[in-house]
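Working notes, beginning with the structure itself.
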Amino acid sequence: MRLILLGPPGSGKGTQAQRLIHRYGIVQLSTGEMLRAAVAAQTPVGLKAKDIMASGGLVPDDVVIGIISDRLDQPDAANGFILDGFPRTVPQAEALDALLKKKRLKLDAVIELRVNESALLERVERRAAETRARGEEVRVDDTAEVLIKRLASYRAMTEPLIHYYSERRKLLTVDGMMTIEHVTHEIGRILAAIGASEPQTPKKAARPAARAASRKASKAAQKAPGAARKAKKAASKASSKAPKKGGARKAAKKAPRKAVPSSRKWSAIRGQKAAKKAAKKAKKR
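My numbering numbers the first residue of the sequence shown as 75 and each following residue consecutively.
Laid out in structure tokens, this is it:
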């Protein structure tokens with residue numbers, strides 16, 4: 075999943091970016107961090123940026139695009155990214171589109187956190203008053219005056235990006251004045267609605283198990299024909315040993331019989347009995 079978060083200072087982009095990183099397993103690409111990393115690694119683009127930064131100049135868009143290009147080639151960016159601090163202008167957005175097209179990647183969505191600037195100013199003023207009440211020093215960059223300047227800069231430079239991405243049907247707007255939890259829920263809902271991605275954490279856990287189950291099923295399917303043949307062979311063997319139809323009668327015929335007197339022996343026995351009777355009658359007379 076590849077996203078860009080847009081919104082003025084104080085809109086909560088940083089908080090929501092961190093939540094998206096943990097939920098979807100993607101990386102946050104900050105141009106400032108990428109520039110420092112490229113300089114430290116002394117890559118060709120990093121060395122060019124180092125010379126420009128050392129002279130106090132602004133790093134040109136083509137150099138920033140080169141650094142982003144190198145960063146997208148790293149393994150941890152394979153699942154997707156959230157761009158932080160880039161693009162800030164329409165020319166930068168056009169350069170980014172060209173880079174993604176060259177890498178055959180697609181930007182899934184640009185999420186705008188829309189806020190009420192008056193409410194933001196009131197929030198900063200209230201926070202500053204609470205800080206002073208605790209006897210603490212207010213941060214220089216956390217005052218209404220600084221916020222007014224940053225909001226003016228945002229409207230002049232970055233707000234045109236809203237129209238740019240709206241025309242390309244990439245823009246999704248969320249009410250940034252809701253609670254943090256409600257904003258997170260709404261972002262998740264619209265990402266699911268456009269089919270951008272599903273949460274990666276469960277998927278990462280589920281995929282190995284699914285693959286293991288698939289392998290087991292495949293092995294079982296391969297073994298099934300062999301098992302069936304073995305079962306068939308065993309059944310056939312048992313069947314051949316079992317008595318066939320009429321086999322019981324044949325087995326009974328073959329079984330040893332009790333000694334039964336023959337007809338001649340019966341005649342002799344009857345003759346003997348008759349002789350005994352006759353002898354008894356003769357004695358009585």
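C-beta: ideal position from N, C-alpha, C; glycine also.
Exposed unless 16 or more other CB atoms sit within 10 angstroms - verdict on residue i
| i | result |
| --- | --- |
| T105 | buried |
| Q166 | buried |
| A91 | buried |
| E241 | exposed |
| K347 | exposed |
CB of residue i within 8 Å of CB of residue j, strictly
| i | j | result |
| --- | --- | --- |
| L173 | I142 | yes |
| V184 | Y228 | no |
| G154 | I236 | no |
| A226 | D216 | no |
| V119 | V137 | yes |
| A111 | I139 | no |
Whole-Å CB distance - residue i paired with residue j, under 8 Å assumed
| i | j | result |
| --- | --- | --- |
| I222 | L246 | So it is not a contact: roughly 27 Å between Cβ atoms. |
| V198 | A218 | 5 Å |
| L77 | L94 | 7 Å |
| V212 | R206 | 6 Å |
| D144 | T117 | 6 Å |
8 Å Cβ shell around residue i - same chain, five flanking residues per side excluded
| i | result |
| --- | --- |
| D171 | L181 |
| L195 | A218, L221, I222 |
| G209 | none |
CB contact below 8 Å: residue i versus chain C
| i | result |
| --- | --- |
| V138 | Looking for chain C here will not work: only one protein chain is present. |
Cut-off 7 Å between Cβ atoms - residues of its own chain near residue i, not counting five sequence neighbours on either side
| i | result |
| --- | --- |
| L109 | A123, V133, I141 |
| T89 | I254 |
| M251 | V189, N190, A193 |
| K177 | L146 |
Own chain partners of residue i with C-beta closer than 6 Å, once the 5 adjacent residues on each side are dropped
| i | result |
| --- | --- |
| P330 | Confidence at P330 is low in this model, with a pLDDT of 49, below 50, so its placement is unreliable and the value that follows should be read with caution. None. |
| E260 | V248 |
| R243 | none |
| T232 | R162 |
| P234 | V164 |
(message) Pairs of beta-carbons, one from the segment 186 to 196 and one from the segment 83 to 100, closer than 8 Å: are there three or more?
(response) yes
(message) Would you call the segment 123 to 130 in contact with the segment 161 to 177, where contact means no fewer than 3 C-beta pairs closer than 8 Å?
(response) no
(message) Taking contact to mean 3 or more Cβ pairs, one atom from each stretch, closer than 8 Å, check whether the segment 149 to 160 and the segment 96 to 110 are in contact.
(response) yes
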